[in-house]
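Colleague: Using this note's numbering, the first residue of the sequence shown is number 89, and each one after it goes up by one.
Backbone N, C-alpha and C fix where the C-beta goes; we use that ideal spot for every residue, glycine too.
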Amino acid sequence: MNNVPGLTVQRTVPQIELHAQLIGTLDIDPATNCLVVRMQVSVFDESRAIVHVDKLVDVAWPVGSTIGIRDGRPALLDPTGQTVAHVGDEVSVGGGWVPTTKADVISCTGQDHVFVGHHPERL
Numbered sequence: 089m090n091n092v093p094g095l096t097v098q099r100t101v102p103q104i105e106l107h108a109q110l111i112g113t114l115d116i117d118p119a120t121n122c123l124v125v126r127m128q129v130s131v132f133d134e135s136r137a138i139v140h141v142d143k144l145v146d147v148a149w150p151v152g153s154t155i156g157i158r159d160g161r162p163a164l165l166d167p168t169g170q171t172v173a174h175v176g177d178e179v180s181v182g183g184g185w186v187p188t189t190k191a192d193v194i195s196c197t198g199q200d201h202v203f204v205g206h207h208p209e210r211l
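(1) Figure out for me which residue from Val204, Arg210, Glu209, Leu211 has the closest Cα to the Cα of Gln103.
(2) For Val181, which of Ser135, Pro187, Trp149 has the nearest alpha-carbon?
(3) If you measure between the beta carbons of Trp185 and His201, is that distance less than 7 angstroms?
(4) Between Ile194, Gln109, Thr100, Asn121, which lies nearest to Val74 when the distance is taken from Cα to Cα?
(5) Would you mind reading off the limits of the alpha helix (DSSP H) that contains Thr154?
(6) By Cβ distance below 8 angstroms, which residues in the same chain neighbour Lys143 in space, the five residues on each side in sequence not counted?
(7) For Ala163 and Ile157, I'd like the C-alpha separation in whole angstroms.
(8) Measuring straight from C-alpha to C-alpha, what distance separates Thr96 and Arg136?
(9) Residues in its own chain within less than 6 angstroms of Pro167 by CB, not counting five upstream and five downstream?
(10) Tell me which same chain residues have a C-beta within less than 8 angstroms of the C-beta of Ile194, skipping the five on either side of it?
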């Protein structure tokens, strides 16, 4: 991979910690080259049958988070430079959905809501 992916990072520490939990696979959005969490959601198709589809979630990672190449693969790094998880790893992130205007972030993927995350970890 020649291009290190981008990511959405919080500019300031949020005043409150949201308590939802996002579980999925650390991935790269092919349309934007941004680090995201891929999760499966169930939706109704046009015939009203339930189908499972992938949803790419733009996570606003904690202040100081970065991306680096570790073991030849992109990895999410914590503020101290330690590897949190590699692309392809299952992860858990605490937090919640917030409009980008209230989260004080610029969404890497261009979405108008991000999952403001805290305490990401590899499962």
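Modeller: Quick answer:
(1) Locating residue 103 in the sequence shown gives position 15, counting from the first residue. Val204 is the residue among Val204, Arg210, Glu209, Leu211 whose C-alpha sits nearest the C-alpha of Gln103.
(2) As a position in the sequence shown, residue 181 is number 93, starting the count at 1. Ranking Ser135, Pro187, Trp149 by Cα distance to Val181 puts Trp149 first.
(3) Looking up residue 185 in the sequence shown gives position 97. Looking up residue 201 in the sequence shown gives position 113. Yes, the pair counts as a contact, with Cβ atoms nearer than the cut-off.
(4) Since the first residue of the chain shown is 89 and the last is 211, residue 74 is not available in this structure.
(5) The sequence position of residue 154 within the sequence shown is 66, counting from 1. Careful: Thr154 lies outside any alpha helix (DSSP H), inside the beta strand (DSSP E) at 154–158.
(6) For the purposes of this step, residue 143 is taken as residue 55 along the sequence shown, with counting starting at 1. So the list reads Arg126, Met127, Gln128, Val129, once near-sequence residues are dropped.
(7) Position 75 of the sequence shown, counted from the first residue, corresponds to residue 163. Position 69 of the sequence shown, counted from the first residue, corresponds to residue 157. In this structure, the CA atom of Ala163 is about 6 angstroms from the CA atom of Ile157.
(8) Along the sequence shown, one-based indexing puts residue 96 at 8. Along the sequence shown, one-based indexing puts residue 136 at 48. Going by C-alpha positions, Thr96 is about 35 angstroms away from Arg136.
(9) Position 79 of the sequence shown, counted from the start, is the residue given in the question as residue 167. Here the set comprises Gly152.
(10) Start at 1 with the first residue of the sequence shown, and residue 194 comes out as number 106. Hits under 8 angstroms: Thr96, Thr188.
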